[in-house]
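*Asks:*
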Amino acid sequence: MALNRDDKSPLFSPGVAGTLRLIVYLALACVLMVLDHRGGWLPNVRYALSLVVEPVYRIAGLPSRGLHAATVAFADRQALTEANQRLREDLLLANAKLNRMASVAEQNQRLKELLDTQHSLSLNVQLARLVGVDLGTFRHRIVLNLGARDNVRVGQVVIDAHGVMGQIVEVMPTTSVAMLITDPNHAIPVTIERTGLRTIAYGSRAGDMLTLPNIPVSADVQVGDKLVTSGLGGRFPPGFPVGEIRDVGQTPSGTFLAAQARPAADLDRSDDVLLLHDLAEPAGPPPLATPAGPPADLAPDPQAPVTPTLPSVTSPTATPVPAHAATSGVQR
Numbered sequence: 194m195a196l197n198r199d200d201k202s203p204l205f206s207p208g209v210a211g212t213l214r215l216i217v218y219l220a221l222a223c224v225l226m227v228l229d230h231r232g233g234w235l236p237n238v239r240y241a242l243s244l245v246v247e248p249v250y251r252i253a254g255l256p257s258r259g260l261h262a263a264t265v266a267f268a269d270r271q272a273l274t275e276a277n278q279r280l281r282e283d284l285l286l287a288n289a290k291l292n293r294m295a296s297v298a299e300q301n302q303r304l305k306e307l308l309d310t311q312h313s314l315s316l317n318v319q320l321a322r323l324v325g326v327d328l329g330t331f332r333h334r335i336v337l338n339l340g341a342r343d344n345v346r347v348g349q350v351v352i353d354a355h356g357v358m359g360q361i362v363e364v365m366p367t368t369s370v371a372m373l374i375t376d377p378n379h380a381i382p383v384t385i386e387r388t389g390l391r392t393i394a395y396g397s398r399a400g401d402m403l404t405l406p407n408i409p410v411s412a413d414v415q416v417g418d419k420l421v422t423s424g425l426g427g428r429f430p431p432g433f434p435v436g437e438i439r440d441v442g443q444t445p446s447g448t449f450l451a452a453q454a455r456p457a458a459d460l461d462r463s464d465d466v467l468l469l470h471d472l473a474e475p476a477g478p479p480p481l482a483t484p485a486g487p488p489a490d491l492a493p494d495p496q497a498p499v500t501p502t503l504p505s506v507t508s509p510t511a512t513p514v515p516a517h518a519a520t521s522g523v524q525r
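Residues 194 to 525 in our numbering are what the sequence shown lists, from first letter to last.
#1: So, L420 versus V435, is the Cβ gap smaller than 8 Å?
#2: Would you identify the three-state DSSP class for I216, choosing helix, strand or coil?
#3: I'd like to know if the segment 337-354 and the segment 451-464 are in contact, where contact means that at least 3 CB-CB pairs between them fall below 8 Å.
#4: Might you give, ordered along the chain, the residues of its own chain that have their beta carbon closer than 6 Å to the beta carbon of D413, omitting 5 neighbours on each side?
#5: What span of residues does the beta strand (DSSP E) with A412 cover, start to end?
#6: Let me know the secondary structure DSSP gives I438 once reduced to three states.
#7: Going by Cα to Cα distance, which pick from T422, N237, T368 and I408 is closest to F433?
#8: Identify whether T368 lies in helix, strand or coil by the three-state DSSP scheme.
#9: Let me make sure I understand the geometry here. Which of N407, R231, S243 and E299 has the alpha-carbon closest to that of A452?
#10: Exposed or buried, which one is T392 when buried takes at least 16 other CB atoms within 10 Å?
#11: Flag this pair as touching only if the segment 423-431 and the segment 322-330 have three or more C-beta atom pairs under 8 Å; answer yes or no.
#12: Would you report the Cα separation of L472 and A399, rounded to the nearest angstrom?
#13: Taking buried to mean at least 16 other C-beta atoms within 10 Å of its own C-beta, is D418 buried or exposed?
#14: Less than 8 Å between the C-beta atoms of V347 and V364, yes or no?
#15: Which residues does DSSP list as the beta-bridge partners of P456?
#16: What residues in its chain sit with their C-beta under 7 Å from that of A457, if we drop five residues either side in the sequence?
#17: Which residues does DSSP list as the beta-bridge partners of L328?
#18: May I have the straight-line CA-CA distance separating G396 from R439, to the nearest angstrom?
#19: Since A394 contacts A454 with CB under 8 Å, what's their CB separation in whole angstroms?
#20: Answer yes or no: do P430 and L469 have a C-beta to C-beta separation smaller than 8 Å?
#21: Does DSSP put L255 in a helix, in a strand, or in coil?
#22: Can the beta-carbon of L373 be found less than 8 Å from the beta-carbon of R334?
#23: On the criterion of 16 or more Cβ atoms from any shown chain inside 10 Å, does A289 qualify as buried, or is it exposed?
#24: Going by alpha carbons, who is nearest to Q443 out of L405, D459 and L221?
#25: List the residues that DSSP assigns as beta-bridge partners of V466.
#26: So, using beta-carbon positions, are A371 and I385 closer together than 8 Å?
#27: Provide the residue(s) that pair with G359 in DSSP beta bridges, ordered along the chain.
#28: How big is the Cα-Cα spacing for N237 and L213?
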């Protein structure tokens, strides 16, 4: 039975025609290989065909390359964002640590100054820390972390490393309130260090200045004069720095001089202060003075025999004795 064939039959179909067609294709392939090996003209054909086919390859691979590039870009952006965030956090943490170290160094310096003040003046003091500040128009006060349990009492003087800050006005069990010397209701007896003039320094509503309104017109007061406590009244010990004169002028009536002084203490910057305690009175009479005398190695031995010596008395009317009389014997 013959097979029905049509135009769509396979290239190498069974039969004589298929075999003949296969032989022709094999011969053509051999001829092309020989020509390519001898003449070398097929690379040029392949090069020309690659110019036509390469854009097709690029267009076909464009979606995959675009997807890969987008994925890489997104991953890189996310990685860079995370790295940037970590670096920002590290920078903020480093700045915080640096600021903390600077603050601790400054605090150590203030504590060192307080200790130096205590040791140089041999004061009986107590260290306290500020826990609250009230610097209003009519009220300049601070709250300390020590109270009645720490033997704090009303009237104790508060100082820092640079001068007088104020005094305790209220005591609670665990805290206390101190009135600053700049409070409008505060007054402190002072002495101008250069001239020894005694006067009173009052607080002002300005908050950072002291006023001296009752200085005699004839007094010698200059800008830059130092104010120290005079000790009058018995509340503030004498000799503590109070402030420095910044301005001097006559009052409107012209009967007195008025001066403005800046406090010596760091009223707006001190975090640690000292509370002064009264020095204990000595118990009993003072110790006896050390007797003065020759050194111990030159003192006479108490066990050595003592040879009595007669004191020589010279009469104001005595006459000199001749030499031959001094050597002559005495007859009985």
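Note that the Cβ used here is the ideal one computed from N, Cα and C, for glycine as well.
*Replies:* Based on what the coordinates show:
#1: For the purposes of this step, residue 420 is taken as the residue at position 227 of the sequence shown. For the purposes of this step, residue 435 is taken as the residue at position 242 of the sequence shown. Closer than 8 Å, so yes.
#2: Here residue 216 refers to the residue found at position 23 when the sequence shown is read from its first residue. Correct three-state label for I216: helix.
#3: yes
#4: Here residue 413 corresponds to residue number 220 of the sequence shown, with the count starting at 1. For D413, where only same-chain residues beyond five positions count, the Cβ hits under 6 Å are T388.
#5: The residue you call residue 412 lines up with position 219 of the sequence shown. Element bounds for A412: n/a, residue is neither H nor E.
#6: Taking the sequence shown and counting its residues from 1, the one referred to as residue 438 is at position 245. It is a strand residue.
#7: Translated into the one-based positions of the sequence shown, residue 433 becomes position 240. When only C-alpha atoms are compared, the closest one is T422.
#8: For the purposes of this step, residue 368 is identified with residue 175 of the sequence shown, where counting begins at 1. T368 falls in the coil class under three-state DSSP.
#9: To locate residue 452, count along the sequence shown from 1; it is residue 259. For A452, the nearest C-alpha among the options comes from N407.
#10: Indexing the sequence shown from 1 puts residue 392 at position 199. The residue is buried, with at least 16 neighbouring Cβ atoms inside 10 Å.
#11: no
#12: The sequence position of residue 472 within the sequence shown is 279, counting from 1. The sequence position of residue 399 within the sequence shown is 206, counting from 1. Only weak support exists for where L472 lies, its pLDDT of 49 falling under 50; the coordinates are left without a value.
#13: On the sequence shown, residue 418 is found 225 positions in, with the first residue counted as 1. Per the 10 Å Cβ criterion, buried.
#14: Taking the first residue of the sequence shown as position 1, residue 347 is located at position 154. Taking the first residue of the sequence shown as position 1, residue 364 is located at position 171. Closer than 8 Å, so yes.
#15: For this step, residue 456 is matched to residue 263 along the sequence shown. DSSP output for P456 lists G436 as bridge partner(s).
#16: As a first step, residue 457 is located in the sequence shown; it is residue number 264 there, counting from the start. For A457, where only same-chain residues beyond five positions count, the Cβ hits under 7 Å are H355, G356, P434, V435, G436 and E437.
#17: By one-based count along the sequence shown, residue 328 stands at place 135. Looking at the DSSP assignment, L328 forms a beta bridge with H333.
#18: Locating residue 396 in the sequence shown gives position 203, counting from the first residue. Locating residue 439 in the sequence shown gives position 246, counting from the first residue. The alpha-carbon atoms of G396 and R439 are separated by roughly 15 Å.
#19: Here residue 394 is taken as the residue at index 201 of the sequence shown, counted from 1. Here residue 454 is taken as the residue at index 261 of the sequence shown, counted from 1. At roughly 6 Å, the Cβ-Cβ gap stays under 8 Å, so A394 and A454 are in contact.
#20: Start at 1 with the first residue of the sequence shown, and residue 430 comes out as number 237. Start at 1 with the first residue of the sequence shown, and residue 469 comes out as number 276. Contact: yes.
#21: In the sequence shown, the residue the question calls residue 255 occupies position 62. L255 falls in the helix class under three-state DSSP.
#22: Taking the first residue of the sequence shown as 1, we reach residue 373 at position 180. Taking the first residue of the sequence shown as 1, we reach residue 334 at position 141. The answer is yes: Cβ separation under 8 Å.
#23: Taking the first residue of the sequence shown as 1, we reach residue 289 at position 96. So A289 ends up on the exposed side.
#24: As a position in the sequence shown, residue 443 is number 250, starting the count at 1. In this structure, L405 is the residue among L405, D459 and L221 with its C-alpha nearest to the C-alpha of Q443.
#25: Residue 466 sits at position 273 when you count from the first residue of the sequence shown. Paired residues: A321.
#26: Looking up residue 371 in the sequence shown gives position 178. Looking up residue 385 in the sequence shown gives position 192. Cβ atoms of A371 and I385: not closer than 8 Å.
#27: Here residue 359 refers to the residue found at position 166 when the sequence shown is read from its first residue. G359 is bridged to V351 and L373.
#28: For this step, residue 237 is matched to residue 44 along the sequence shown. For this step, residue 213 is matched to residue 20 along the sequence shown. Those two C-alpha atoms are separated by around 31 Å.
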